[in-house]
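Enquirer:
Number of protein chains: 2
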Amino acid sequence: MSIVSLARDLDLSISTVSRALNGYKDVSPETRERIRKRASEIGYRPNPGARRLKSGKTCAVGMILPAVSEGNHGVDSVYSGLMGGVATELEAADYHLIATVQTRTDPDRETALYENLVHASWVDALIIGRTRVNDPRVALARKARIPFVTYGRTNSSEPYAWVDTDNEQAFYLLTKRQIESGHTRVALLNGPLHYYFAILRQQGYVRAMMESGLSIDPLITLNGELSESHGYSLCRNLLVGANPPTSIICATDALAFGAMAACRERGLKIGLDISISGYGNSSASAYCDPPLTTVDHQVFENGRHIGQSLLRLLRGQAQPEEIHYLEPVVLVPRQSDGQCPPPPPSNSNLSR
Amino acid sequence: MSIVSLARDLDLSISTVSRALNGYKDVSPETRERIRKRASEIGYRPNPGARRLKSGKTCAVGMILPAVSEGNHGVDSVYSGLMGGVATELEAADYHLIATVQTRTDPDRETALYENLVHASWVDALIIGRTRVNDPRVALARKARIPFVTYGRTNSSEPYAWVDTDNEQAFYLLTKRQIESGHTRVALLNGPLHYYFAILRQQGYVRAMMESGLSIDPLITLNGELSESHGYSLCRNLLVGANPPTSIICATDALAFGAMAACRERGLKIGLDISISGYGNSSASAYCDPPLTTVDHQVFENGRHIGQSLLRLLRGQAQPEEIHYLEPVVLVPRQSDGQCPPPPPSNSNLSR
DNA sequence: CGCATTGACAAAAACCTTTTTGTCAAAGTA
DNA sequence: TACTTTGACAAAAAGGTTTTTGTCAATGCG
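Chains as they are written, first to last, in the working numbering: chain E, 1 to 352; chain Y, 1001 to 1352.
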C-alpha cells in the first residue's frame, strides 16, 4: 500500500507516480489517469509521516486551550467556540488542530506547553490565546520563527498577527447603557489585569464614565478570576460595602451569574433594584432569570478569522503585520438591567 | 541540529548517538554521558517526523468533538470537559490529542471524519464519543485495527473498550426522587433515541416509574436535541396539553434551562408549582434561579479513565474486552424541585 | 543534415530516525 | 594455542515520500 508497491503494480517508476498524483507536469494525461484510477482502486494514500518528513511540514496547527478555572476542568467555552471556527477553516485546507488543554492556570506552564509544541516541531503554526499584557509567548514564537496568530493583543515592540474582539467598545457601550438609564454608581467586575482584554475592558468602562463626567471609584472596580464563584463573592463584597453600586458590569457572563446569585441572596430584584450585565452571550444568558443583558462577541467568527489568517501566513500570502482584525461586537439587551432605582431613604445605610 | 550533525560534532557514528540517547545497551557509560551532555548543549531534539516514519507510530490520539447544536458553534461542554481529562493523561505519556470539531450534526459526516483520521494514519488510537445505538464507527475502527475507546456504549456483537457514566442509575435516582416527593405525572424530556445514552436514561426512568406502579405516558416522554431552545419548546407543548405533568426530568441541564424559561413564561413557580431537574451539573446549574437539581456525571474523571484506557491499549497492557468502566453518578439536590403541589380546582383545565 | 528543444519517464538523492548487521580488539575458556 | 564470547562502536538498511538530476527518443528549426 506504499507508493513503491503501487508503482510496481503499474509498472512505472516511483517518481512518475508521485508526480502524477501531486499534479505536476512531466506526465502524460493518459498515464496520469491510469495512475489515479489504480491508486483509488487499490486504496493508496500517501503516508503522511513520510510526507511530513520530506516536506518538513506537519500540516498541523497547535492551540492551547485554557481550562475553566473551576468545576469540571473543561475547556473555557470561549475557546471551545473559537476552536470550532478555527477547525472549520483548517479542515477545509487539510490541516489538523492539535489541542492541548491547560488544566492548571499557571502562565509558566502555558509557556512551557507552547515551547514543547514548537520545539518538538509538532506543528507548523500556533494560536496564542488569552494574551497577557506582556506576553512572553509572542517573543518566543517569533524567535522560533513559527507563524502564529494571537487571539487578543499584547504589548509588543514588533508587529504580529492578531485577531481580537473590540473589548474596549463593548464595555464602552455597556457602561454607556447603564449611564443612560440614570445610573451613576456603576461597578465593574473585571478579570485579572494581567490579561490584556481586561485592560481594554477597563478602558472602555473608563471612557464612558469620563465622557459623562462620572468619577471612577476604585472600591467598585474589582478584579477576579472569570468564574461564577468569584462573581458571587466579589458582588457580595460590593453589596455589603457602604454606598453600594446600582449597576454592575461584569467582564463575563459567568461573573454575572455569580453576581446575580449574590444579589438575589440580598433580596434584590435584578433589573429593578439593581442592574447587571455580562459579556459573551452564552446560551445560559438567554435563559436565566431574568435574561441577561450581554454582548455577543462572535467567537466562532473570530475562530474562522484566525484560521484563515493562519492559512494565509502559512502559504506566504500575507505578512504578520498585515493581519490585524478587530471583530465588532453586538450588544444584546435583555431584562437584567433597567432604570436606576430612586435613592433609598437616608437611614438605609444603617442596614447591615 | 539533526542526529548526523551531532554525531559528526562528537566524532561518533550516528547509531551510537541514537542508541545512547534512547537508553539502549552497547554504549559505554562515559560515551553515553558525553553524548547526553553535548546533545543538551547543542539543543538537539530528535525530529518527531522521522521518528514517526521509522516507528510507524504517530504518538497522537484522535477525538471528534460534537458541536453544540446551536449558538456559538462551540464544542459541547461535556466533551470539552472530557477532553480536559483525556489530555491530562495523554500529555503525561507524551501523546498528543488531535481534535476535530464536528460543526454539522450529521452522523455520516462524523463517520467520514473518523475514517479520514484513521485512514490517513494521523493517529494511533481513537476516542469515539456520543455513541449511537448501532454505531458504525465501532465496526469501522475495529476493521481498521486501530485501538479505540468509546465514551458511551452501543449495540455490538463483539467486545470493545468502553467508558461510560451510569445513565440508567442517574435517571432512576432522579425519577425516584420525584416520585418520593409525591409526583405521579413525571415527564421525561429526553435526547434523540438514536443515542445510546438516551435509551439508558429512558430505561432508568421507566424502571423507577414501574417500580412505583406508575404508568408511562408517551405524551409526556418527549425527545429532542439537547439545547435550551428545544427544552423551551418541548416544555411549552407539555404545559399547554391537557393534564400537564407536575414534574419534568430533563436529559441535560441545557434542556432544563429551556424548560425553566417556558415554565416562568406560564407563570409557574419552579420548585413549587412545578419540579424540574437536569443532568450534568453545569456551572450555570448552581447559579440559576432557583438552583437546579441535577446529577454530576464526572466528565473530567471519565476523560481520565478514557486516557488511561487508551494508553493501556496502546502499550498492549490490556485487551479491549477488559476495559469496561461504569462511572458512578452523584445526585446534586438543589431547589428546582419539591413536593407535588395539591391538585388544582377542577375548573383549572379551562385555563388556556 | 545537425543541433537544440521538449515530452515522458526513470534513477537516485534527500529527509532523519531507528534497528539490524558487521567489525574488531580484548578477554575468557578448553 | 585455538576458539568463543563480549564490549563498544560503525556501517548500512529501512521507513515512504518528494525533488533533483538523468536518459532517450521524437520533434522543430535553420
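Even for Gly, the Cβ is constructed at its ideal location relative to N, Cα and C.
Every value quoted in this text rests on a predicted model; they were computed, and no experiment measured them.
Could you tell me whether the region 1087–1103 of chain Y touches the region 93–112 of chain E, where touching means 3 or more Cβ pairs closer than 8 angstroms?
Expert: Because the criterion of three Cβ pairs below 8 angstroms is met, the region 1087–1103 of chain Y and the region 93–112 of chain E touch.
Enquirer: How about Y:Gly1081: is its C-beta nearer than 8 angstroms to some C-beta of chain E?
Expert: Taking the first residue of the second sequence as 1, we reach residue 1081 of chain Y at position 81. Yes, Y:Gly1081 lies at the interface with chain E (some Cβ there is under 8 angstroms from its Cβ).
Enquirer: If we ignore side chains and look at the alpha-carbon of each, how far apart do Y:Ala1187 and Y:Arg1207 end up?
Expert: The count along the second sequence starts at 1 and reaches residue 1187 of chain Y at position 187. The count along the second sequence starts at 1 and reaches residue 1207 of chain Y at position 207. Going by the C-alpha atoms only, they are around 14 angstroms apart.
Enquirer: Pick from E:Gly74, E:Ser2, E:Glu168: whose alpha carbon is nearest that of E:Asn190?
Expert: As a working note, residue 190 of chain E is residue 190 in the first sequence. Selected option, being the one with the closest Cα: E:Glu168.
Enquirer: Determine the DSSP secondary structure at E:Met1, reduced to helix, strand or coil.
Expert: In the first sequence, counting from the first residue as 1, residue 1 of chain E sits at position 1. DSSP places E:Met1 in coil when its eight states are reduced to three.
Enquirer: Give a yes or no on whether 8 angstroms exceeds the smallest Cβ distance from E:His119 to chain Y.
Expert: Translated into the one-based positions of the first sequence, residue 119 of chain E becomes position 119. Judged by the 8 angstroms Cβ criterion, E:His119 is in contact with chain Y.
Enquirer: Note down the Cα distance separating E:Arg334 from E:Ala259, rounded to an integer number of angstroms.
Expert: Taking the first sequence and counting its residues from 1, the one referred to as residue 334 of chain E is at position 334. Taking the first sequence and counting its residues from 1, the one referred to as residue 259 of chain E is at position 259. Near 16 angstroms, if we compare the C-alpha coordinates of E:Ala259 and E:Arg334.
Enquirer: Is E:Gln169 helix, strand or coil when you go by DSSP?
Expert: Here residue 169 of chain E refers to the residue found at position 169 when the first sequence is read from its first residue. Helix at E:Gln169.
Enquirer: With a threshold of 16 other CB atoms inside 10 Å of the CB of Y:Pro1029, please say whether the residue is buried or exposed.
Expert: Walking along the second sequence from the start, residue 1029 of chain Y turns up at place 29. Exposed: under 16 other Cβ atoms inside 10 Å.
Enquirer: Looking only at its chain, what residues have a beta carbon closer than 6 angstroms to the beta carbon of E:Arg38, apart from the 5 residues adjacent to it on each side?
Expert: Mapped onto the first sequence, residue 38 of chain E falls at position 38. Cβ neighbours of E:Arg38 beyond the five flanking positions: Leu10.
Enquirer: Under 7 angstroms Cβ-Cβ, which residues of chain E neighbour Y:Arg1264?
Expert: Against the second sequence, residue 1264 of chain Y aligns to sequence position 264. By Cβ distance, chain E contributes Asp289.
Enquirer: Tell me where the beta strand (DSSP E) around E:Thr100 begins and ends.
Expert: Here residue 100 of chain E is taken as the residue at index 100 of the first sequence, counted from 1. First-last of the beta strand (DSSP E) with E:Thr100: 96–102.
Enquirer: Take E:Gly152 as the anchor and find which of E:Ala141, E:His183, E:Phe171, E:Arg132 has the nearest alpha-carbon.
Expert: Translated into positions along the first sequence, residue 152 of chain E becomes position 152. With distances taken between Cα atoms, E:Gly152 lies closest to E:Arg132.
Enquirer: Does DSSP classify E:Leu350 as helix, strand or coil?
Expert: What you label residue 350 of chain E is simply residue 350 of the first sequence in a count that begins at 1. For E:Leu350, the predicted structure reports a pLDDT of 45, less than 50, and the residue's modelled location is therefore unreliable. The matter cannot be settled from this model.
Enquirer: By the three-class DSSP mapping on this structure, what secondary structure does Y:Glu1158 have?
Expert: Within the second sequence, numbered from 1, the residue matching residue 1158 of chain Y stands at position 158. If DSSP states are grouped into helix, strand and coil, Y:Glu1158 belongs with coil.
Enquirer: Find out if the Cβ-Cβ distance for the pair Y:Ser1157, E:Gly74 is shorter than 8 angstroms.
Expert: Stepping through the second sequence from its first residue, residue 1157 of chain Y is reached at position 157. Stepping through the first sequence from its first residue, residue 74 of chain E is reached at position 74. Their beta carbons are not under 8 angstroms apart, which means Y:Ser1157 does not touch E:Gly74 by this criterion.
Enquirer: Are E:Gln323 and E:Trp162 closer than 8 angstroms when you measure CB to CB?
Expert: Position 323 of the first sequence holds residue 323 of chain E. Position 162 of the first sequence holds residue 162 of chain E. Checking the displayed sequence, the identity of residue 323 of chain E turns out to be Ile instead of Gln. It is a contact, given that the beta carbons lie within the stated cut-off.
Enquirer: Give, in chain order, every unbroken run of the beta strand (DSSP E) that is at least 3 residues long and sits entirely within the region 1181–1233 of chain Y.
Expert: Listed in chain order, the complete beta strand (DSSP E) runs (minimum 3 residues) inside the region 1181–1233 of chain Y are 1186–1190, 1221–1223.
Enquirer: Leaving out five residues before and five after Y:Pro1245 in sequence, what residues of the same chain have Cβ atoms less than 7 angstroms from its Cβ?
Expert: To locate residue 1245 of chain Y, count along the second sequence from 1; it is residue 245. These residues qualify, in order along the chain: Arg1185, Val1186, Ala1187, Ile1220, Leu1238.
Enquirer: What is the DSSP secondary structure of E:Cys406, counted as helix, strand or coil?
Expert: Only positions 1 to 352 of chain E appear in this structure, which leaves residue 406 of chain E out of reach.
Enquirer: Does the region 49–63 of chain E come close enough to the region 1050–1057 of chain Y to have 3 or more Cβ pairs within less than 8 angstroms?
Expert: Result yes; three or more Cβ-Cβ pairs closer than 8 angstroms.
Enquirer: Between the region 304–318 of chain E and the region 101–117 of chain E, do three or more beta carbon pairs fall short of 8 angstroms?
Expert: Verdict: no, contact absent.
Enquirer: Residues in its own chain within less than 8 angstroms of Y:Ser1351 by CB, not counting five upstream and five downstream?
Expert: As a position in the second sequence, residue 1351 of chain Y is number 351, starting the count at 1. Here Y:Ser1351 scores only 45 on pLDDT, less than 50, and its place in the model should not be relied on; the value that follows carries that caveat. Taken in chain order, the list of residues that qualify is empty.
Enquirer: Counting only beta-carbon separations shorter than 8 angstroms, does Y:Leu1353 have a partner in chain E?
Expert: Here chain Y comprises residues numbered 1001 to 1352, so residue 1353 of chain Y is not present and cannot be evaluated.
Enquirer: Going by C-alpha to C-alpha distance, which of Y:His1119, Y:Asn1134, Y:Asn1243, Y:Tyr1160 sits closest to Y:Ile1199?
Expert: If you number the second sequence from 1, residue 1199 of chain Y lands on position 199. The shortest Cα separation from Y:Ile1199 among Y:His1119, Y:Asn1134, Y:Asn1243, Y:Tyr1160 belongs to Y:Asn1134.
Enquirer: Could you have a look at E:Leu6 and say whether DSSP puts it in helix, strand or coil?
Expert: Here residue 6 of chain E corresponds to residue number 6 of the first sequence, with the count starting at 1. Reduced to three states, the DSSP call for E:Leu6 is helix.
Enquirer: If you pair each beta-carbon of the region 1228–1236 of chain Y with each one of the region 283–294 of chain E, do three or more pairs fall below 8 angstroms?
Expert: These segments touch.
Enquirer: Residues of chain Y with CB closer than 8 angstroms to the CB of E:Trp122, please, in chain order.
Expert: The sequence position of residue 122 of chain E within the first sequence is 122, counting from 1. Near E:Trp122 (Cβ distances below 8 angstroms), the residues of chain Y are Pro1048, His1096.
Enquirer: Just the C-alpha distance for E:Val240 and E:Leu268, rounded to the nearest angstrom, thanks.
Expert: Reading the first sequence from its first residue, position 240 is the one you call residue 240 of chain E. Reading the first sequence from its first residue, position 268 is the one you call residue 268 of chain E. Between E:Val240 and E:Leu268, the C-alpha separation is close to 13 angstroms.
Enquirer: Taking DSSP's pairing of strands, which residues face Y:Pro1066 in a bridge?
Expert: Counting from one through the second sequence, the residue named residue 1066 of chain Y turns up at place 66. DSSP output for Y:Pro1066 lists Y:Gln1102 as bridge partner(s).
Enquirer: What residues from chain E crowd round Y:Met1260, counting only those whose CB sits closer than 8 angstroms?
Expert: Start at 1 with the first residue of the second sequence, and residue 1260 of chain Y comes out as number 260. Simply Tyr287, Asp289.
Enquirer: Express the C-alpha separation of E:Phe300 and Y:Ser1348 in angstroms, rounding to a whole number.
Expert: For the purposes of this step, residue 1348 of chain Y is taken as the residue at position 348 of the second sequence. For the purposes of this step, residue 300 of chain E is taken as the residue at position 300 of the first sequence. At Y:Ser1348, the pLDDT of 47 sits below 50, so the modelled position is not reliable; the number obtained from the coordinates is stated separately. The straight-line gap from Cα to Cα measures roughly 46 angstroms.
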